[in-house]
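Visitor: Residue numbers (this note's numbering), protein chains in the order written: chain A, 1358 to 1806; chain B, 1358 to 1806. The structure that follows is given in the form of structure tokens.
Number of protein chains: 2
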Amino acid sequence: MKKMMNNELMELLESKCFPQLKKRLDGMNPVDAAAFLDQLPEEKRPLVFRLLDKDLATDVFAQLAPEAGRTLVDSFSDGEAAQMVEELAVDDAVDLLGELPANVVKRILQGTSPQTRELVNRYLCYPDGTAGSIMTAEFTELSARMTVAQAIAHIRSTGQDKETIYTCYVTGPCRVLEGVVSVRELLLARDEQLVEALMDRQVIRAVTTDGQEEVAQLLSRYDLLSLPVVDRENRLVGIVTVDDAVEVLEQEATEDFEKMAAMAPSDDRPYLRTGVVTLARRRIVWLLVLMISGMVTGSILAKYEAAFAAMPLLVTFIPMLTDTGGNAGSQSSTLVIRGMTLGEIRPRDLLAVLWKETRVSLLVGVVLAAVNYLRLVITYPGQEMMALTVSLSLVVTVLMAKTIGGVLPIVARSLRIDPAIMAAPLITTIVDAVSLVVYFSIAHHLLGV
Amino acid sequence: MKKMMNNELMELLESKCFPQLKKRLDGMNPVDAAAFLDQLPEEKRPLVFRLLDKDLATDVFAQLAPEAGRTLVDSFSDGEAAQMVEELAVDDAVDLLGELPANVVKRILQGTSPQTRELVNRYLCYPDGTAGSIMTAEFTELSARMTVAQAIAHIRSTGQDKETIYTCYVTGPCRVLEGVVSVRELLLARDEQLVEALMDRQVIRAVTTDGQEEVAQLLSRYDLLSLPVVDRENRLVGIVTVDDAVEVLEQEATEDFEKMAAMAPSDDRPYLRTGVVTLARRRIVWLLVLMISGMVTGSILAKYEAAFAAMPLLVTFIPMLTDTGGNAGSQSSTLVIRGMTLGEIRPRDLLAVLWKETRVSLLVGVVLAAVNYLRLVITYPGQEMMALTVSLSLVVTVLMAKTIGGVLPIVARSLRIDPAIMAAPLITTIVDAVSLVVYFSIAHHLLGV
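In structure tokens, the structure reads:
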């Protein structure tokens, strides 16, 4: 359906029916209008963008893909760009300016009001990925001595520009955060009540330097629509709204998926719009590291050349052993990494995880080994010792894979390394080497090779 | 800090200082109070729960872990349980009742009002994972002919029980959904304006049978605070609020992580609270399937026994080859699976993905092969043909791994199979078998073994 709509719009554009196109666009949700602009060829975007109603244009601009936004700004005069920065919410303006070269940013900011310029410059200083970098300055501020009627009047007269009016923050001298009150509570209270009687003084808050993932988790944990961000002196400097938190959570999950599959995390650009060289660069570093580790495993294997020259059948069980070990290990590491991301597992749970993984792995390992033993004595009758060797190796491999997989992410976190790098690929490589040593040691003892 | 607070509360409980304990609990955020109850031993929960203020008690109950909620209800009389069902938002009540045996549910519902009973029964019929199963009936309804002043008065008089008052839905006869208007728009408008002049008629909506993930994506895409859910006749039956959407997104990401690491998805219970047998059961099925596939790979290898008996050195490159293939393949499958989850890649993009992966894999494969070739000619001087064999196999393996990894998840989606099962473990197993065939075929031609 979306697709069909976009096709109609394309036809209007190609047949230059601009009045009809404008009418259609003005009736659209800004998100859908932005999606239409995103997929247009670069040279058509300025034309279509200029058709939009002024108010809609700002909303659409805020929703564009970073790339589309940047190319569009290139077509603006400095004055038009300054105007756009003035009208965007400060977090969107900062996102846009962050994409542009420094000299262009300087030129554009010269055309904005001193307040905007100062605000934007302050925001540009917060490092990427912190609460400061995703917050916005458009919030509603009340004072404790206002009555409900005054507060509602204040909101009605100033609310037009605010990112969210539904959660109001009560501040004292120097903007120190004193409390929070929702529009709902104000609406349900009597007109003459004081804000300070309604407000909650225990405000859940973040500091500008907190990580964006923590901020998103707080919003999600306490079901908030927005979270106040304060500086070190507890002065209110911005808010993070729930829609930004949703975006952060999705982006962090994507990054974790990527890191856990041995890739450098992406810049949030969809796969189909990312260039071949960029994709290759993000993948190659880890592949190289893991390939070299694979060579180490190979050199371990080289030590046992005599064993498999004497008994080539042993080699045929290697893929099954190492694959099972790798899979068992990555199950455990995935559960533990995800548990840490969600705050369910902390470094002090190390022993609890170790104990749990030990028991799980024994249970799993014994079942797998039994199935394997049965299959081998049926396929290779009379070779019970070999079947025993493979099955025993399987139990030990699963045990070691699961304890290593469960423990290494926690150790990484304790050493302040991102646990996601301890995911499937690295665990598999480590477990490969370990399982081969186990396998050939057991073979040496039981089979005498 | 949280931990310290809970320790203080525990001390108050153990020294039976109930008045102080009650005072502390009543001042807490319901989320934190629920977390304290969750971690109490089962037999202490009813005692502490009864200390809470009645209003707080309902909020705390809604936030309890499913297990804690169930054990608490066991300590209630049927009348008390009915009262709780009456006071909870309908989605929380349904969550609770879904955990209890059918005869208990029936007994409890007998004590509730006919309206609640009918509502709950209707909600219990929506299958798990649909919009119907996560929606709530507590929304604000307006009619198009109301003035702004009437609408605000209506909200102020009825808003107490609503899950969110900030987005109001305008309905006509038979509750047919006609439009949507935010409290913000009402507050910023003049008192005498009509709701129908302010409302947006293009309402983004879900149908009760839509998947919960689609619903969460809609809320996130359009930055909504709530999404209306309608039945097949376009009658408004409930809303899904953004906090539920955040929960769904986190839960779906966790499930994807689990499925992609070859585990059956969990029931949303934290790792440390899940029993050993449950954990083992969720992991063993896939491990068995993959172990048996590993045996197939082994039997492919068995065909080349003569080759590696003649040249045992060949065996030592197997781990490096299969690991690199597995990693290269799981990078591609992870990107494509995540891209499909986020709606960025669709089945009709199959050829685009195939073409992109082909180019990326040639780039990556050639670099890896070059590094590998250099290393081999240095380590094994005079064995250039062997070095060529390994390097050539590497290029072909990476090429096949990445195209298989990129294409299989899309094929799975087209066949209506969950693409997440085409993640690292299965891709690795498939690529293992393919890369061994490639390796030994190339060795046969180049080295004559």
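Virtual Cβ for every residue (Gly too), placed ideally from N, Cα, C. As the structure is a computational prediction, the values presented were derived from the model and not from experiment.
#1: Could you please give the first and the last residue of the uninterrupted beta strand (DSSP E) stretch that includes Leu1593 of chain B?
#2: Let me make sure I understand the geometry here. Which of B:Pro1403, B:Pro1622, B:Val1788, B:Leu1629 has the alpha-carbon closest to that of Pro1704 of chain A?
#3: Counting only Cβ pairs nearer than 7 Å, list the residues of chain A close to Asp1600 of chain B.
#4: Note down, in chain order, every chain A residue with its Cβ under 9 Å from the Cβ of Leu1804 of chain B.
#5: Does the stretch 1676-1691 of chain A come close enough to the stretch 1712-1732 of chain B to have 3 or more Cβ pairs within less than 8 Å?
#6: Could you name the residues of chain A that Arg1479 of chain B contacts, counting a contact when the two beta carbons are closer than 8 Å?
#7: Looking only at its own chain, which residues have a Cβ that is under 7 Å from the Cβ of Thr1698 of chain B, when we skip the five neighbours before and after it?
#8: Give the single residue among A:Glu1437, A:Asn1363, A:Ala1790 whose Cα lies nearest to the Cα of Ile1649 of chain A.
#9: Determine the closest residue to Arg1427 of chain A out of A:Leu1404, A:Leu1453, A:Tyr1526, A:Ala1709, with distance taken between C-alpha atoms.
#10: Go to Glu1798 of chain B, then tell me how far its beta strand (DSSP E) extends in each direction, as first and last residue.
#11: Using a Cβ cut-off of 8 Å, pull out every chain A residue sitting near Arg1640 of chain B, in sequence order please.
#12: Considering only residues of the same chain and omitting the five flanking positions on each side of Ala1450 of chain A, which have a CB-CB separation below 7 Å?
#13: How would you list, in chain order, the residues of chain B whose beta-carbon sits under 8 Å from the beta-carbon of Gly1516 of chain A?
#14: Answer with yes or no whether the minimum CB distance from Tyr1523 of chain B to chain A is below 8 Å.
#15: Which residues in chain B have a C-beta closer than 8 Å to the C-beta of Asp1548 of chain A? List them in chain order.
#16: Can you look up Ala1487 of chain B in the DSSP assignment and give me helix, strand or coil?
#17: Identify the continuous beta strand (DSSP E) that holds Thr1497 of chain A and give its terminal residues.
#18: Tell me, to the nearest whole angstrom, how far the beta carbon of Leu1413 of chain B is from that of Asp1383 of chain B; I am working on the premise that it is less than 8 Å.
#19: What's the call for Glu1607 of chain A, buried or exposed, on a 16-neighbour Cβ count within 10 Å?
#20: Could you check what DSSP says for Tyr1523 of chain A in three-state terms: helix, strand or coil?
#21: Can the beta-carbon of Gly1683 of chain A be found closer than 8 Å to that of Glu1714 of chain A?
#22: Of the residues that make up the stretch 1604-1616 of chain A, which ones have a beta carbon closer than 8 Å to any beta carbon in chain B?
#23: From the DSSP output, in three-state form, read off Pro1376 of chain A for me.
#24: Just checking, does the stretch 1658-1675 of chain B make contact with the stretch 1668-1676 of chain A on the three C-beta pairs under 8 Å criterion?
#25: Would you mind sorting Leu1772 of chain A into buried or exposed? The rule is 16 or more other CB atoms within 10 Å of its CB.
#26: May I ask you to verify whether the stretch 1482-1494 of chain A touches the stretch 1532-1547 of chain A, counting CB pairs closer than 8 Å and requiring at least 3?
#27: Just reading off the alpha helix (DSSP H) that Gly1763 of chain A is part of, what are its end residues?
#28: Using only the alpha-carbon positions, how far apart do Gln1574 of chain A and Leu1397 of chain B sit?
#29: At a cut of 8 Å, does the stretch 1592-1608 of chain B reach the stretch 1566-1581 of chain B through at least three beta carbon pairs?
#30: Can a CB atom of chain B be found closer than 8 Å to the CB of Arg1381 of chain A?
#31: Quick one: what's Ala1450 of chain B bridged to in DSSP?
#32: Output needed for Thr1504 of chain A: all residues of its chain with C-beta closer than 8 Å, excluding positions within five of it in sequence on either side, in chain order.
#33: Looking at the C-beta of Lys1713 of chain A, does it have a partner C-beta in chain B at a distance below 8 Å?
#34: What are the partner residues of Pro1585 of chain A, as DSSP defines its beta bridges?
#35: With C-beta atoms as the reference, is Arg1695 of chain A less than 8 Å away from Gln1688 of chain B?
#36: Name the DSSP bridge partner or partners of Ser1539 of chain A?
Guide: Let me spell this out:
#1: Start and end: 1593-1598.
#2: Cα-wise, what sits closest to Pro1704 of chain A is B:Leu1629.
#3: Chain A residues near Asp1600 of chain B: Asp1580.
#4: Close to Leu1804 of chain B, with beta-carbon spacing below 9 Å, lies no residue of chain A; the smallest spacing is near 17 Å.
#5: The stretch 1676-1691 of chain A and the stretch 1712-1732 of chain B do not touch, with fewer than 3 CB-CB distances between them shorter than 8 Å.
#6: Listed by position along chain A, the residues whose Cβ is nearer than 8 Å to that of Arg1479 of chain B form an empty set, because the closest Cβ is around 25 Å away.
#7: Taken in chain order, the residues that qualify are Asp1613.
#8: Per the Cα distances, A:Ala1790.
#9: Closest by C-alpha distance to Arg1427 of chain A, out of A:Leu1404, A:Leu1453, A:Tyr1526, A:Ala1709, is A:Leu1453.
#10: The sequence shown places Ser at residue 1798 of chain B, rather than the Glu named in the question. It is not in any beta strand (DSSP E) - Ser1798 of chain B instead sits in the alpha helix (DSSP H) that spans 1781-1804.
#11: Going along chain A in sequence order, the residues near Arg1640 of chain B (Cβ under 8 Å) are Ala1685, Gln1688, Val1717, Val1721.
#12: Val1442, Val1477.
#13: Correct list: Arg1541, Leu1544, Leu1545.
#14: Yes, contact with chain A.
#15: For the C-beta of Asp1548 of chain A, not a single chain B residue is nearer than 8 Å; the gap to the nearest is close to 10 Å.
#16: The sequence given here places Thr at residue 1487 of chain B; Ala does not occur at that position. Collapsing the DSSP output to three states places Thr1487 of chain B in a strand.
#17: Per DSSP, Thr1497 of chain A belongs to the beta strand (DSSP E) from 1497-1499.
#18: Contact holds; Cβ gap of about 6 Å.
#19: Buried, since its Cβ has 16 or more Cβ neighbours within 10 Å.
#20: It is coil, neither helix nor strand.
#21: Between Gly1683 of chain A and Glu1714 of chain A, the C-beta gap is not smaller than 8 Å, which leaves the two residues out of contact.
#22: Residues passing the 8 Å Cβ filter: Glu1604, Leu1606, Glu1607, Ala1610, Thr1611, Asp1613, Phe1614, Glu1615.
#23: Helix, per DSSP.
#24: With the cut-off at 8 Å, the stretch 1658-1675 of chain B and the stretch 1668-1676 of chain A touch.
#25: Exposed, because fewer than 16 other Cβ atoms sit within 10 Å of the Cβ of Leu1772 of chain A.
#26: By the C-beta criterion, the stretch 1482-1494 of chain A is judged not to be in contact with the stretch 1532-1547 of chain A, since fewer than 3 inter-stretch pairs fall below 8 Å.
#27: From DSSP, the alpha helix (DSSP H) with Gly1763 of chain A extends over 1741-1771.
#28: Approximately 23 Å between the Cα atoms of the pair.
#29: Because the criterion of three Cβ pairs below 8 Å is met, the stretch 1592-1608 of chain B and the stretch 1566-1581 of chain B touch.
#30: Interface flag for Arg1381 of chain A against chain B is unset, since no Cβ pair is found closer than 8 Å.
#31: BP columns for Ala1450 of chain B are empty, so no partner.
#32: Result list for Thr1504 of chain A: Asp1548, Glu1549, Gln1550, Leu1551, Val1552, in chain order.
#33: Residue contact with chain B for Lys1713 of chain A: present (Cβ-Cβ distance below 8 Å to some residue of chain B).
#34: Note: Pro1585 of chain A sits in a beta bridge opposite A:Ile1596.
#35: Their beta carbons are not under 8 Å apart, which means Arg1695 of chain A does not touch Gln1688 of chain B by this criterion.
#36: Residue pairing by DSSP puts Ser1539 of chain A in a beta bridge opposite A:Thr1524.
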